[in-house]
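Visitor: Provided herewith is a single structure, encoded as structure tokens, for subsequent inquiry.
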Amino acid sequence: MQRKTIEQSELTLAGLLRQMRKDAGKYQSEIAELLKVKSVTYSAYENGRIVPSADKLYTLAKYYGVSAEVFLSKLDPDATNDAVKGSELQKVKDDAGQVDELVYYFKNLTDSQKKAVYDLTKTLYMD
């Protein structure tokens, strides 16, 4: 996929991640290794269940030789270039991605593991 086509594409972030990986002839496991995440996590990126953090998107942009804005614009096409607003928006996006990732992992735990996570979280919150 050529750069001009990527920037004008109507693909979602998940679709763009999948398309760029396939265009590069790579497996999900190879990109997961590059990002230092598990294959299941990268799969969740491509399926839109988890939004990658900004640092992961920058790593992918560098790897694919495109501007990070190509990916970031897929997160919020109405984002402005205002630096303060942009940094605040980026923090919200990063936090949302981390929360989505935690929820995804939590859903895959056993009931006893979920209870342990709940108890630990409650203990940490109370400190």
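Counting with this note's numbering, you get residues 1221 to 1347 for the letters of the sequence shown.
All C-beta atoms, glycine included, are put in the ideal place defined by N, C-alpha and C.
All of these numbers come straight from a predicted model, not from anything done at the bench.
(1) Under the rule that 16 or more other beta-carbon atoms within 10 Å means buried, what is A1264, buried or exposed?
(2) With contact counted as at least three CB pairs below 8 Å, one residue from each stretch, are the stretch 1283 to 1295 and the stretch 1232 to 1244 in contact?
(3) Ordered along the chain, which non-local residues of its own chain (more than five positions away) have a Cβ less than 6 Å from that of R1238?
(4) For E1289, count neighbouring Cβ atoms within 10 angstroms of its own Cβ and tell me buried if that reaches 16, exposed if not.
(5) What do you get for L1344, buried or exposed, if any count of 16 or more other CB atoms within 10 angstroms of its CB means buried?
(6) Tell me whether G1317 sits in a helix, a strand or coil according to DSSP, three-state version.
(7) In this structure, how does DSSP classify T1330 when only helix, strand and coil are distinguished?
(8) Check whether the Cβ atoms of L1255 and T1232 sit closer than 8 Å, and answer yes or no.
(9) Could you give the C-beta distance for I1251 and Y1324, rounded to a whole number, given that I count them as a contact under 8 Å?
(10) In whole angstroms, what is the alpha-carbon distance linking G1235 and G1268?
(11) S1273: which of D1331, K1258, E1230, E1321 sits nearest, CA to CA?
Guide: Answer, in terms of the structure:
(1) Within the sequence shown, residue 1264 is the residue found at index 44, counting from 1. Here A1264 is buried: its Cβ has 16 or more other Cβ atoms, across all protein chains shown, within 10 Å.
(2) Yes: at least three Cβ pairs fall under 8 Å.
(3) Looking up residue 1238 in the sequence shown gives position 18. Counting only Cβ-Cβ distances below 6 Å, and skipping sequence neighbours, we find E1266.
(4) In the sequence shown, residue 1289 corresponds to position 69, counting from 1. Exposed, since its Cβ has fewer than 16 Cβ neighbours within 10 Å.
(5) The residue labelled residue 1344 in the question sits at position 124 within the sequence shown. Classification for L1344: exposed.
(6) Reading the sequence shown from its first residue, position 97 is the one you call residue 1317. For G1317, the three-state secondary structure derived from DSSP is helix.
(7) Counting from 1 along the sequence shown, the entry for residue 1330 is found at position 110. Three-state DSSP puts T1330 in coil, outside helix and strand.
(8) Taking the sequence shown and counting its residues from 1, one reaches residue 1255 at position 35. Taking the sequence shown and counting its residues from 1, one reaches residue 1232 at position 12. Cβ atoms of L1255 and T1232: not closer than 8 Å.
(9) Here residue 1251 corresponds to residue number 31 of the sequence shown, with the count starting at 1. Here residue 1324 corresponds to residue number 104 of the sequence shown, with the count starting at 1. The Cβ separation is near 18 Å, so there is no contact.
(10) The residue you call residue 1235 lines up with position 15 of the sequence shown. The residue you call residue 1268 lines up with position 48 of the sequence shown. Going by C-alpha positions, G1235 is about 8 Å away from G1268.
(11) In the sequence shown, counting from the first residue as 1, residue 1273 sits at position 53. Ranking D1331, K1258, E1230, E1321 by CA distance to the CA of S1273 puts E1321 first.
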